[in-house]
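Participant: A single structure is presented below for examination.
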Amino acid sequence: VFDDSSGILCLPNPCSLGASNASPNVNYTQCNKLSSGDSCTPSCTSGFITTSPASFSLVCVGNIYTDTSNMACEAADICQAPRNPDPNANYAPCSNVLEGSPCIPTCKPGYERTLTPFTLVCDGGGVYDDPGSCVPVACVGGVVNPAMHVDYTPCTRLRSGSVCEPECMEGYVKEDSTGFTLQCPGGVFTDYSGTLCVVANCSVPRN
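Residues 17 to 223 (our numbering) make up the sequence shown, in order.
Have a look at this one:
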């Protein structure tokens, strides 16, 4: 038995010189910033994608390591259009974009996305599936041009595209009103109903 008084400190080797068996179209930039013992997941170079990303543990001798991930990168297709387009979505930002890129469709006013962004995966014809959709926005933000003595509570329970007929506050009655279709960008809406609420006539007893 002996005591180690040498003060030797063993540090992991840096992996700055890259992979000795670099695969074509694989990007090892992140791996080259690490050291022995670290885990690395290579990526694909621009214009290429992989369907099986894999990690491996770095063992760096002389700042060089062996890639044991067996990851392969293949040329990405150009995505053109969705297979079943949402009629309330605009897919222009996702046209002529490389497969594997993020897609962020926009929605018509009064609609919002259920999933954004999503990663483009397209077939040989450039067609891709949209896992999200544009749904009507809830009108919970209220009205931007409230009329006097009008109660918009029924409208705030609805969504864009629904027809709303505002009510009158207590003590007032409708003299003129029409329903209107809600458009709620940002959750707020404009009253197009022309609802007119006037003071209720109390001259006749209830009973």
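The beta carbon of each residue, even a glycine, is placed where N, CA and C say it ideally should be.
What are the boundary residues of the beta strand (DSSP E) that C200 is part of?
Facilitator: Counting along the chain, C200 falls outside any beta strand (DSSP E), and DSSP gives it neither H nor E.
Participant: Report the partner residues of G72 according to the DSSP bridge assignment.
Facilitator: The sequence shown places Phe at residue 72, not Gly. Paired residues: C56.
Participant: N37 by DSSP, collapsed to three states: which one?
Facilitator: In the structure shown, N37 sits in coil (DSSP, three-state: anything other than H, G, I, E or B).
Participant: Please classify V17 as buried or exposed, where buried requires at least 16 neighbouring CB atoms within 10 angstroms.
Facilitator: Exposed.
Participant: Counting beta carbon pairs with one atom in the region 178 to 185 and one in the region 200 to 215, are three or more of them shorter than 8 Å?
Facilitator: Enough Cβ pairs lie closer than 8 Å, so yes.
Participant: Tell me which residue opens and which closes the beta strand (DSSP E) that C138 is part of.
Facilitator: C138 -> no beta strand (DSSP E), and no H or E assigned at all.
Participant: Leaving out the 5 sequence neighbours to the left and right, which residues in its chain are closer than 6 Å to E115 when beta-carbon positions are compared?
Facilitator: Excluding residues within five positions, the ones whose Cβ falls inside 6 Å are I65, A92, D93, C95, L136, C138.
Participant: To the nearest angstrom, report how far apart V151 and S209 are at their CA atoms.
Facilitator: Rounded to the nearest angstrom, the two C-alpha atoms are 24 Å apart.
Participant: In chain order, what residues of the same chain have a beta carbon less than 8 Å from the beta carbon of L74, not counting five sequence neighbours either side?
Facilitator: Counting only Cβ-Cβ distances below 8 Å, and skipping sequence neighbours, we find C31, C47, L50, S51, S52, G53, D54, S55, C56, Y81.
Participant: For the alpha helix (DSSP H) that C171 lies in, which residues bound it at each end?
Facilitator: Per DSSP, C171 belongs to the alpha helix (DSSP H) from 169 to 172.
Participant: Can you tell me the Cα-Cα spacing of P58 and S36, whole angstroms?
Facilitator: Each residue's Cα considered, the two are about 14 Å apart.
Participant: Can you check whether the CB of P170 is closer than 8 Å to the CB of D207?
Facilitator: Going by C-beta atoms, D207 is not nearer than 8 Å to P170.
Participant: Which residues in the same chain have their Cβ closer than 7 Å to the Cβ of C76, if we skip the five residues on either side of it in sequence?
Facilitator: So the qualifying residues of the chain are N29, P30, C31, S51, S52.
Participant: With burial defined as no fewer than 16 other Cβ atoms inside 10 Å of the residue's Cβ, what is the status of L198: buried or exposed?
Facilitator: Buried is the call here.
Participant: If contacts are defined as beta-carbon pairs under 8 Å, then D102 and S149 qualify, I think. What distance do you get, rounded to the angstrom?
Facilitator: Their Cβ separation, rounded to whole angstroms, is 5 Å, which keeps D102 and S149 in contact under 8 Å.
Participant: Is the shortest distance between the beta-carbon of G177 and the beta-carbons of chain C less than 8 Å?
Facilitator: Reference to chain C is not applicable here, since this structure consists of a single protein chain.
Participant: Since S71 and S85 should fall inside the 8 Å C-beta cutoff, what is the C-beta to C-beta distance between them, to a whole number of angstroms?
Facilitator: Yes, they are in contact, since the Cβ atoms of S71 and S85 sit about 7 Å apart, within 8 Å.
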